[in-house]
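Offset between the sequence shown (1-based) and the working numbering: plus 5. Only one structure is covered here, and it is reproduced in the block below.
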Amino acid sequence: MNIHKIIYFLAIVGALIGQGQEQTVGLFLNTTAAAPGYTLFAPMSYNVTYLIDNNGELVQSWPSEYGPGLSVYILENGDLLRTRRLQGQFFQTGGRGGGVEIIDWDGNLIWEFDYFSNQFWQHHDIESLPNGNILLIAWEHKTDAEAIANGRNPILLGGSSQPFGFWPDHIIEVDPDSNSVVWEWHVWDHIIQDNDSSKANYGVVSDHPELVNINYPIGPNTDGGDWLHINAVDYNAELDQIMLSVHHFGEIWIIDHSTTTAEAASHSGGNSGKGGDLLYRWGNPQAYIGGNSNERIFFGQHDARWIENGSIIMVFNNGSGRPGGSYTSVDVFTQPISENNLYPLDSNGVYGPDSLSWQYTATPQGDFFASNISGAHRLGNGNTLICDGPQGHYFEIDSAGSLVWDYVNPVINTGPLYQGEEIPVQGGPQGSSINRTFRVHRYPIDYLGFSGHNLEPTGPIELYMNTHDLTYLPDKHSLHQNYPNPFNPETIIPYDLPENIFVNITIYDLLGRQVKTLVNQVQNTGFNSIQWNATNDYGEPVSAGIYLYQIQAGTFYQTRKMALLR
Numbered sequence: 006m007n008i009h010k011i012i013y014f015l016a017i018v019g020a021l022i023g024q025g026q027e028q029t030v031g032l033f034l035n036t037t038a039a040a041p042g043y044t045l046f047a048p049m050s051y052n053v054t055y056l057i058d059n060n061g062e063l064v065q066s067w068p069s070e071y072g073p074g075l076s077v078y079i080l081e082n083g084d085l086l087r088t089r090r091l092q093g094q095f096f097q098t099g100g101r102g103g104g105v106e107i108i109d110w111d112g113n114l115i116w117e118f119d120y121f122s123n124q125f126w127q128h129h130d131i132e133s134l135p136n137g138n139i140l141l142i143a144w145e146h147k148t149d150a151e152a153i154a155n156g157r158n159p160i161l162l163g164g165s166s167q168p169f170g171f172w173p174d175h176i177i178e179v180d181p182d183s184n185s186v187v188w189e190w191h192v193w194d195h196i197i198q199d200n201d202s203s204k205a206n207y208g209v210v211s212d213h214p215e216l217v218n219i220n221y222p223i224g225p226n227t228d229g230g231d232w233l234h235i236n237a238v239d240y241n242a243e244l245d246q247i248m249l250s251v252h253h254f255g256e257i258w259i260i261d262h263s264t265t266t267a268e269a270a271s272h273s274g275g276n277s278g279k280g281g282d283l284l285y286r287w288g289n290p291q292a293y294i295g296g297n298s299n300e301r302i303f304f305g306q307h308d309a310r311w312i313e314n315g316s317i318i319m320v321f322n323n324g325s326g327r328p329g330g331s332y333t334s335v336d337v338f339t340q341p342i343s344e345n346n347l348y349p350l351d352s353n354g355v356y357g358p359d360s361l362s363w364q365y366t367a368t369p370q371g372d373f374f375a376s377n378i379s380g381a382h383r384l385g386n387g388n389t390l391i392c393d394g395p396q397g398h399y400f401e402i403d404s405a406g407s408l409v410w411d412y413v414n415p416v417i418n419t420g421p422l423y424q425g426e427e428i429p430v431q432g433g434p435q436g437s438s439i440n441r442t443f444r445v446h447r448y449p450i451d452y453l454g455f456s457g458h459n460l461e462p463t464g465p466i467e468l469y470m471n472t473h474d475l476t477y478l479p480d481k482h483s484l485h486q487n488y489p490n491p492f493n494p495e496t497i498i499p500y501d502l503p504e505n506i507f508v509n510i511t512i513y514d515l516l517g518r519q520v521k522t523l524v525n526q527v528q529n530t531g532f533n534s535i536q537w538n539a540t541n542d543y544g545e546p547v548s549a550g551i552y553l554y555q556i557q558a559g560t561f562y563q564t565r566k567m568a569l570l571r
């Protein structure tokens, strides 16, 4: 941070103190012990992805026509790989996405791939592979009759408030160059059941840890048919293996990626010789061998990932329903792995290890509980970056658990908050705020994706006002993506004005016909927004479809698209 930025930061802080404002968002702590780099995050309720430096200043942002669906990553060429959330009425459960897009550093959409229908739906996480292909997690639809024929206990199909059938997960690998699926793995090909000997897949569950018990967890499925709720995917290039976080089982699974699609549907082939069967599972032995519930480690976990390419794994263990009280931990363990990259069972038929090698919890433990979403990852200097997803709170700790960096997401569904504004709370029982975030990533300053790109900070994301002579104002004209998008029946269109100027904002249909003029007057400099209620200039409702909205402010023109649903 140079002397000018120090003066700027102190002026803001001094002005806030002078007015008695309490800081609510943005950077709270940045010490020299923090890992140098840039932090990427995508607020779940907004359609812009942000990259900030360790001082909490904006370095880059990428608007999209869609909200995140949930994960975002920066590729090694500097492009943004992003999930996007598409609308659908037939399947309503947490983590829905539906599509993937790549946006270049300058904000141009250069690739998109939608994967959703009434038979399949992408969700939660994606993973870029060294060959440029992308792994997607997706649900696939099975009818109740299909589930029962394959051994699902009919009692366990009851209780769903959304009768959409049974939705097991599968993994697909997409080639962006051909826009095609080039590899896939389906858990449906690797199930077992001990409920009904007259049905398919009958066997002794405890004798087959490589297979998945279709009748676990015990109890009716109440999550819209979402049986497994896989919420993270990671790839180990050294092993050519894929790791999955299986939320509803309290486990992480590892499968072989070296198989063909045909081998992945079988029980042989690939480097492992085991086809698409599970090579390893850990976190909850009850899922495959029964036994004591005290042996369970994970409770509603998210964000499982290898630390580098070795056998050390980090998992964000949300801790929902943990015996003795719910609290969150970040857990690290080392897999026992053989010379042929397989994972041995111990004498009790359970995968090791017996215990964790490192764990972070708050002191006292109950002070940190993130009931859903969230994540953590190990940084290059040995520190750990943690995302308390429901609160939009990102913090970094050293190996001893000491806080070295602390930041609160300042962006909600209407855009950035003003410093000192209270963060609105989202409805529901889980205590989430509207600035919630699925997870965050810290990229080192020498990350290949930053090469050749401007990383000059442009100030904090949060807004400042009435700070004596210091006011944070836009430095350029900009028309932002509307939110929500798609929408019905109202949406907000944000725009920035760096000067007092005559502004015209007009809605057009795809044929270029004027639909409605929203603004046609002189406006003051600042961050502005206007609402459109999906009516024309005569106050009549317009039909569903794609519409264009355009701003003209002096010589500045910009046009964006939005989608109206009915």
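Glycine is no exception: its CB is placed at the ideal position from the N, C-alpha and C atoms.
For residue i, does the three-state DSSP call read helix, strand or coil?
i	result
residue 265	coil
residue 299	helix
residue 291	helix
residue 217	strand
residue 159	helix
residue 104	strand
residue 228	coil
residue 547	coil
residue 165	Caution applies to residue 165, whose pLDDT of 45 falls short of 50 and renders its modelled position unreliable; the model cannot decide the point.
residue 110	coil
residue 151	helix
residue 272	coil
residue 557	strand
residue 374	coil
residue 254	helix
residue 133	strand
residue 48	strand
residue 195	helix
residue 396	helix
residue 212	helix
residue 536	strand
residue 68	strand
residue 304	coil
residue 495	coil
residue 482	coil
residue 360	coil
residue 346	coil
Among the options, which one has its Cα closest to the Cα of residue i?
i	options	result
residue 423	444, 51, 465	465
residue 216	279, 181, 247, 240	279
residue 187	141, 158, 152, 222	141
residue 552	499, 491, 562	491
residue 376	410, 441, 368	441
residue 234	242, 399, 253, 391	253
residue 61	558, 519, 410	410
residue 338	452, 566, 364	364
residue 356	286, 221, 449	286
residue 256	320, 417, 230	320
residue 314	544, 567, 135	135
residue 322	181, 509, 309	309
residue 534	242, 502, 182	502
residue 131	124, 113, 240	240
residue 218	197, 332, 205	197
residue 523	530, 505, 500, 480	500
residue 289	317, 470, 327, 68	327
residue 381	371, 372, 393	393
Report the partner residues of residue i according to the DSSP bridge assignment.
i	result
residue 58	43
residue 127	143
residue 322	334
residue 185	180
Do we get a CB-CB distance below 8 Å when we pair residue i with the residues of chain D?
i	result
residue 357	Looking for chain D here will not work: only one protein chain is present.
Taking one C-beta from the segment 294 to 314 and one from the segment 265 to 277 each time, how about it: are there three or more such pairs within less than 8 Å?
Judged by Cβ distances under 8 Å, the segment 294 to 314 makes no contact with the segment 265 to 277, as fewer than three pairs qualify.
Beta strand (DSSP E) runs wholly inside the segment 401 to 478, at least 3 long, in chain order | Within the segment 401 to 478, the complete beta strand (DSSP E) runs of at least 3 residues are 408 to 413, 442 to 448.
Exercise. Pairing CB atoms from the segment 454 to 470 with CB atoms from the segment 385 to 405, are three or more of them under 8 Å?
Worked result: Segments in contact, no.
Check whether the segment 95 to 109 and the segment 68 to 76 are in contact - that is, three or more C-beta pairs closer than 8 Å. Yes: at least three Cβ pairs fall under 8 Å.
(message) Counting beta carbon pairs with one atom in the segment 200 to 212 and one in the segment 279 to 289, are three or more of them shorter than 8 Å?
(response) Short answer: they don't touch.
Exercise for review: Decide yes or no for the touch test of the segment 342 to 349 against the segment 378 to 389: beta carbon pairs closer than 8 Å, at least 3 of them.
Suggested key: No, they do not touch.
request  = Answer yes if the segment 297 to 306 comes into contact with the segment 238 to 247, meaning at least three C-beta pairs across the two stretches below 8 Å, and no otherwise.
outcome  = Judged by pairs of C-beta atoms under 8 Å, the segment 238 to 247 does not touch the segment 297 to 306, as fewer than three such pairs exist.
Q: Check whether the segment 137 to 157 touches the segment 170 to 178, counting contact only when three or more Cβ pairs, one atom from each stretch, lie closer than 8 Å.
A: Touching, yes.
Check your understanding: Given 8 Å as the limit, is there contact between the segment 437 to 452 and the segment 40 to 54, that is, 3 or more CB pairs closer than that?
Key -> A contact between stretches requires three or more CB pairs, one per stretch, nearer than 8 Å, and the segment 437 to 452 meets this requirement with the segment 40 to 54.
Evaluate contact between the segment 517 to 529 and the segment 561 to 570, counting only Cβ atoms and requiring at least three cross-stretch pairs below 8 Å. Segments in contact, no.
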